[in-house]
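Residue numbers (our numbering), protein chains in the order written: chain A, 431 to 451; chain B, 1016 to 1140.
1. Helix, strand or coil for residue 1037(B) per DSSP?
2. With the cut-off set at 8 Å, would you say residue 1092(B) and residue 1074(B) are in Cβ contact?
3. Strictly under 8 Å for the Cβ-Cβ distance: is residue 1035(B) near chain A by that measure?
4. With distance defined between alpha-carbon atoms, name the residue in 1136(B), 1138(B), 1087(B) and 1140(B) nearest to residue 1119(B).
5. According to DSSP, what are the bridge partners of residue 1053(B)?
6. Would residue 1081(B) pass as a contact of residue 1048(B) if the rule is Cβ separation under 8 Å?
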């Protein structure tokens, strides 16, 4: 069993698609 | 070893899918409910509804790009559930509670049905 420590990233993870270009 | 868990990722992805829907980008099916038409992504519909999963995994129906629902389905109820699929938020309007729950039954979205049922029972109480 390998302990993997997980860091929680609370911020946005990907780009935001705009409502229109 | 360690890893970074981006806790917002699922909601960020869903928001982008909803932006694609609202801009009609890569939508691949039109759902006809009475006289109203709704554009959507088959993959999102399949991920959320047992009925759409069955339809789009069927060898013959899977390639259809328009699906007519049973005339008994309420377009406003369907619109509420389609928005739920793309936002995780279920709008509960008093005059549409039953229509929403019946549409969820039709779409085979059991968890939404259970939640609507509990909400109706608690609001009756």
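Glycine residues also receive a C-beta, built at the ideal position from the N, C-alpha and C atoms. Quantities reported herein were computed from a predicted structural model and do not represent experimental measurements.
This is what the structure holds:
1. Taken through DSSP and simplified to helix, strand or coil, residue 1037(B) comes out as helix.
2. Cβ distance not < 8 Å, so residue 1092(B) and residue 1074(B) don't count as in contact.
3. Taking Cβ atoms only, chain A reaches closer than 8 Å to residue 1035(B), which makes this a yes.
4. The shortest C-alpha separation from residue 1119(B) is found at 1087(B).
5. Under DSSP, the beta-bridge partners assigned to residue 1053(B) are 1046(B).
6. No; because the gap between Cβ atoms is not below 8 Å, this pair is not in contact.
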